[in-house]
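In our numbering, the protein residues as written are -4 to 220.
What follows is one structure encoded as C-alpha cells, with my remarks underneath.
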Amino acid sequence: MDIENNLRHIKENILDNVKLIAVSKTKPIELIYQAYNCGQRDFGENKALELRDKAELLPKDIQWHFIGHLQTNKVKYIIPSISLIHSVDSLKLMKEIEKQSSKFNKTTSCLLQIDIANEENKFGFDLKELKEVLNTTKFKGFKNLKIIGVMGMGSITEDKNKTKSEFAQLKDYFNKLKQEFFADNNDFKEISMGMSEDYPIAINEGSTMVRIGSKIFGERDYNNN
Ligand SMILES: *Cc1c(COP(=O)(O)O)cnc(C)c1O
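Below, the structure written as C-alpha cells:
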C-alpha cells in the first residue's frame, strides 16, 4: 500500500473545498501515522472505543470523525476527542450527546444521517421522522450540540445512475432542511457523502466531505481484528 500515492491521487480528484476524511477503522496506528506524515489530519472511525484509544496514542492536532452507528452508552468515550459526529440518527442519541458534551463543557458538532439508500439495515432518519424531531422543544433547547449538516450513504450498486440520484436527493434534503430549520445557522453547510467507490459521483452532486478508507489504506481485513 502506497498511502502517500493514494492520498495524492485522491486529492487530485476532489475539489479544493471538499474535505477528505481518511477512514482508518480497523487499521493500525502505524498506517495512520503514515497518512499523518503526508499531511492528512482528518480521520474517521466507526467504533467508539477504537476511536478513543487511537486518539490517546496519536497527535492531538488530528480531527477525529465518528462515522458509524453510535450507541448512546458509548457517547461518553468519544466526546473528549471528537471533532464531528456524522451519524446522528435519533433524538435519543442527540440527548446523550447534549448531556455528555455539557459534562465535558464543550460543543459537539454533528451531522444528521439521512437514509437515502432505502436498503435494509442502513441507519438514518427518513425525512418525515427527522422533521418531527427538529420541531421538538427538546431539540430546540440543545446548547452543547450543534448541527452543521447532513450525511448519507449510497446503495451498494454498480448502477451509477442510482447512486447519482441518491446523492442528488441528499443535496435536495439538505436544501429543504436549510430553508425550513437552519436558515439562521451559518454553520449548517456540510454534506458528507461519498466513499471509495462512489466519491467522484458524490462530488459532482455537491458533497463537501468524502469519507474514504480502502482507496487509501487498502481493503479491510475484519478477521484480524
Ligand atoms: C467504512 C466506511 C467508509 C469508508 O469506506 P470505503 O469503501 O473503504 O471507502 C465511509 N463511510 C462509512 C460510514 C463507513 O462505515
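In this text, a Cβ means the ideal position worked out from N, Cα and C, and glycines have one as well.
Model, not experiment: these values are computed from the prediction.
The stretch 160 to 169 makes contact with the stretch 100 to 118; the number of CB pairs closer than 8 Å reaches 3 or more. At a cut-off of 7 Å, the beta-carbon of Met188 does not count as near ligand 1: no heavy atom of the ligand is closer than that. For Thr158, the enclosing alpha helix (DSSP H) stretches over residues 155 to 176. Of the heavy atoms belonging to ligand 1, none sits nearer than 7 Å to the Cβ of Lys6.
At least one heavy atom of ligand 1 lies less than 7 Å from the C-beta of Ser191. Leaving aside the five residues that flank Arg36 on each side, the residues in its chain whose CB is nearer than 7 Å to its CB run, in chain order, Asp56, Ile57, Gln58. Contact between the stretch 151 to 159 and the stretch 83 to 93 is absent: fewer than 3 CB-CB pairs across the two stretches fall below 8 Å.
Nearest to Lys123 by C-alpha distance, out of Ser85, Gly144, Arg206, is Ser85. A distance below 8 Å between beta-carbons, with the five flanking residues on each side excluded, links Arg206 to the following residues of its chain, in chain order: Ile16, Val18, Gly39, His60, Ile62, His81, Ser187, Gly189, Met190. When C-alpha distances from Asp121 are compared across Ala178, Thr132, Lys133, Gly147, the shortest belongs to Gly147.
Ile143 is positioned such that its CB atom lies no closer than 8 Å to that of Phe99. For Val18, the shortest C-beta to heavy atom distance toward ligand 1 is below 7 Å.
Going by beta carbons, Leu107 and Ile73 fall outside the 8 Å limit.
Taken in chain order, the complete beta strand (DSSP E) segments of 3 or more residues contained in the stretch 61 to 95 are 77 to 83. In summary, Tyr168 is buried, with 16 or more beta-carbon neighbours lying within 10 Å of its beta-carbon over all protein chains present. Assigned with DSSP and collapsed to three states, Gln108 falls in strand. Residue side-chain check: Asn41 places its Cβ nearer than 7 Å to a non-hydrogen atom of ligand 1.
Straight-line spacing of the CA atoms in Phe177 and Lys22 works out to 36 Å. The continuous alpha helix (DSSP H) containing Leu44 extends over residues 43 to 52. For Gly201, the CB contacts under 7 Å within the same chain, skipping 5 residues up- and downstream, are Lys166, Ile186 in chain order.
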